[in-house]
Amino acid sequence: MTKPTPNATHRAHPRHDLDDLLTHAVRLSIVATLADVDSAEFALVRDSVEITDPMLSKQVALLEQAGYVGVDKGRVGRRARTWLSLTPDGQAAYRRHIRALQAIAGLTLNDAD
Amino acid sequence: MSPEQARAVLEHADQLSRSVRSRARSMQLYLGVCAAGNSIALLMFGLVEPVVLKAVLTLAAVILPFVVITLWYRRLLVFARTPPPPRWGVFPYAWGAWVVWCAAAWIGDLAGLYGRPAYWLPAALAVAVPLTLAALRERRP
């Protein structure tokens, strides 16, 4: 039986499956807000995550750059509306991240970081 | 990250997802209101006597619910996960509703059944069937 290489052992820990972008609490909250809906309005996401407009804009720009979130601007009557939605890449990344968190949550304290 | 922290993060994410999902609306209500509008329009067509009033009420019963629910739908802040637009799946039901409506009105007109609820009430229910089926087929939020 071959002994696992240090690198292979290192990669086996579920924390390596965490998405770097989603380890940020606000970004994870934004993605979680959009995870189970088709699209949500900017203001609703802002209020749900309890952050300011500039903060949401900044984090959404990062998520959009990564291809995780789609941004659609439109109008309803005279009001400008911005719709946010999770892209298929964003969905996949979120699911992977959640699976990794679930794996970590299932570990004992000694196994974790 | 400790298991406790991971659990707390998971719980928070789940809570957020659920709270937003509970505010999402699919097209169920939209289709249901249009179905009800069609039925009321047929009742107006069959049961209201003066021709001008009949025409006005019939048109109002078709147009008003459609306009109101469309405006309401456009103002929603969050939409349920549904198949991507265009929603071709709903079109056969909409055309079906229109065909049943015209057939019911035509038969009632030919047979001179104006003012007889025994015909127009079941006909109004039949008219609601296609869009109600479409609404039932919509995925819940």
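Each protein sequence line maps, in turn, to chains G and U.
Residue numbers are given in numbering that gives the first Met the number 0: position 31 of the first sequence equals residue 30, and the series is strictly consecutive.
Residue numbers are given in numbering that gives the first Met the number 0: position 51 of the second sequence equals residue 50, and the series is strictly consecutive.
Note that beta-carbon positions come from the ideal geometry of N, C-alpha and C, so glycine has one too.
Original post:
If we call anything under 8 Å between Cβ atoms a contact, is residue 119 of chain U one with residue 41 of chain U?
Top reply: Taking the second sequence and counting its residues from 1, the one referred to as residue 119 of chain U is at position 120. Taking the second sequence and counting its residues from 1, the one referred to as residue 41 of chain U is at position 42. Yes, they are a contact pair.
Subject >> Environment of residue 85 of chain U [buried if 16+ CB atoms lie within 10 Å] >> reply: For this step, residue 85 of chain U is matched to residue 86 along the second sequence. Annotation note: pLDDT 48 at residue 85 of chain U (below 50); position unreliable, no value reported.
Original post:
Distance, Cα to Cα, residue 74 of chain U vs residue 75 of chain G?
Top reply: The residue given as residue 74 of chain U occupies position 75 in the second sequence. The residue given as residue 75 of chain G occupies position 76 in the first sequence. In a straight line, the C-alpha of residue 74 of chain U is about 7 Å away from that of residue 75 of chain G.
Original post:
Is it true that the stretch 2-16 of chain U meets the stretch 107-116 of chain U, where meeting means three or more beta-carbon pairs spaced less than 8 Å apart?
Top reply: no
Original post:
Could you give the residue range of the beta strand (DSSP E) that holds residue 49 of chain G?
Top reply: One-based indexing of the first sequence puts residue 49 of chain G at position 50. Where residue 49 of chain G is concerned, there is no enclosing beta strand (DSSP E), given that its DSSP letter is neither H nor E.
Original post:
Alpha carbon to alpha carbon, what distance is there between residue 46 of chain G and residue 33 of chain G?
Top reply: Here residue 33 of chain G refers to the residue found at position 34 when the first sequence is read from its first residue. Here residue 46 of chain G refers to the residue found at position 47 when the first sequence is read from its first residue. Straight-line Cα distance between these residues: approximately 13 Å.
**OP:** Step through the CB atoms of chain U and report whether any lies within less than 8 Å of the CB of residue 19 of chain G.
**Re:** As a working mapping, residue 19 of chain G is identified with position 20 in the first sequence. Not an interface residue.
Subject >> DSSP state of residue 28 of chain G mapped onto helix, strand, coil >> reply: On the first sequence, position 29 is the one that residue 28 of chain G refers to. Helix.
Original post:
Would you say the stretch 88-98 of chain G touches the stretch 59-69 of chain G, given that touching needs at least three Cβ pairs under 8 Å?
Top reply: yes
**OP:** Could you tell me whether any Cβ in chain U is nearer than 8 Å to the Cβ of residue 101 of chain G?
**Re:** The residue labelled residue 101 of chain G in the question sits at position 102 within the first sequence. Yes, its Cβ sits closer than 8 Å to a Cβ of chain U.
Subject >> Straight-line Cα distance separating residue 21 of chain U from residue 85 of chain G >> reply: The residue labelled residue 85 of chain G in the question sits at position 86 within the first sequence. The residue labelled residue 21 of chain U in the question sits at position 22 within the second sequence. Each residue's alpha carbon lies about 17 Å from the other.
Original post:
Taking the alpha-carbon positions, what's the residue 126 of chain U to residue 29 of chain U distance?
Top reply: Numbered from 1 along the second sequence, position 127 holds the residue referred to as residue 126 of chain U. Numbered from 1 along the second sequence, position 30 holds the residue referred to as residue 29 of chain U. One C-alpha to the other measures close to 16 Å.
Original post:
Expressed to the nearest angstrom, what Euclidean distance is found between the alpha-carbon atoms of residue 116 of chain U and residue 124 of chain U?
Top reply: Looking up residue 116 of chain U in the second sequence gives position 117. Looking up residue 124 of chain U in the second sequence gives position 125. One C-alpha to the other measures close to 12 Å.
Subject >> Cut-off 7 Å between Cβ atoms - residues of its own chain near residue 28 of chain G, not counting five sequence neighbours on either side >> reply: In the first sequence, the residue the question calls residue 28 of chain G occupies position 29. So the qualifying residues of the chain are 48.
Original post:
Is the CB of residue 134 of chain U under 8 Å away from at least one CB in chain G?
Top reply: In the second sequence, residue 134 of chain U corresponds to position 135, counting from 1. Chain G contact via Cβ: absent.
Original post:
What did DSSP end up calling residue 85 of chain U once you bin it into helix, strand or coil?
Top reply: In the second sequence, residue 85 of chain U corresponds to position 86, counting from 1. Its pLDDT being 48, under 50, residue 85 of chain U is placed unreliably by the model, and nothing is read from it.
Original post:
What do you get for residue 4 of chain G, buried or exposed, if any count of 16 or more other CB atoms within 10 angstroms of its CB means buried?
Top reply: Here residue 4 of chain G is taken as the residue at index 5 of the first sequence, counted from 1. Low confidence applies to residue 4 of chain G: its pLDDT is 47, below 50, so where it sits in the model is not reliable enough to give any reading.
Original post:
Using the beta-carbon count (16 or more within 10 Å), is residue 23 of chain U buried or exposed?
Top reply: The count along the second sequence starts at 1 and reaches residue 23 of chain U at position 24. Flag for residue 23 of chain U reads buried.
Subject >> Spatial distance of residue 11 of chain U from residue 80 of chain U (CA atoms) >> reply: Indexing the second sequence from 1 puts residue 11 of chain U at position 12. Indexing the second sequence from 1 puts residue 80 of chain U at position 81. When rounded, the distance between both Cα atoms is 21 Å.
Original post:
Counting along the chain, where does the alpha helix (DSSP H) carrying residue 75 of chain G start and finish?
Top reply: Looking up residue 75 of chain G in the first sequence gives position 76. Unbroken run through residue 75 of chain G is the beta strand (DSSP E), 68-75; no alpha helix (DSSP H).
Original post:
Any heavy atom of the ligand ATP within a distance shorter than 7 Å of the CB on residue 101 of chain U?
Top reply: Questions concerning the ligand ATP fall outside what the structure shown contains, since it holds no ligand whatsoever.
Subject >> Simplified DSSP assignment, three categories, for residue 10 of chain U >> reply: Position 11 of the second sequence, counting from 1, holds the residue named residue 10 of chain U. Helix, per DSSP.
**OP:** Quick one: which unbroken alpha helix (DSSP H) runs of 4-plus residues sit fully inside the stretch 33-93 of chain U? Chain order, please.
**Re:** Counting only runs of 4 or more residues that sit fully inside the stretch 33-93 of chain U, the alpha helix (DSSP H) segments are 50-73, in chain order.
Subject >> Endpoints, alpha helix (DSSP H) assigned at residue 79 of chain G >> reply: Residue numbering aside, residue 79 of chain G sits at position 80 when the first sequence is read from its first letter. Element bounds for residue 79 of chain G: not the alpha helix (DSSP H) but the beta strand (DSSP E), 78-85.
Original post:
Would you say residue 26 of chain U reaches chain G, if we count a Cβ-Cβ gap shorter than 8 Å as a contact?
Top reply: In the second sequence, the residue the question calls residue 26 of chain U occupies position 27. Residue 26 of chain U does not count as touching chain G.
Subject >> Per-residue DSSP class, three states only, for residue 137 of chain U >> reply: Taking the first residue of the second sequence as position 1, residue 137 of chain U is located at position 138. Residue state, collapsed to three classes: coil.
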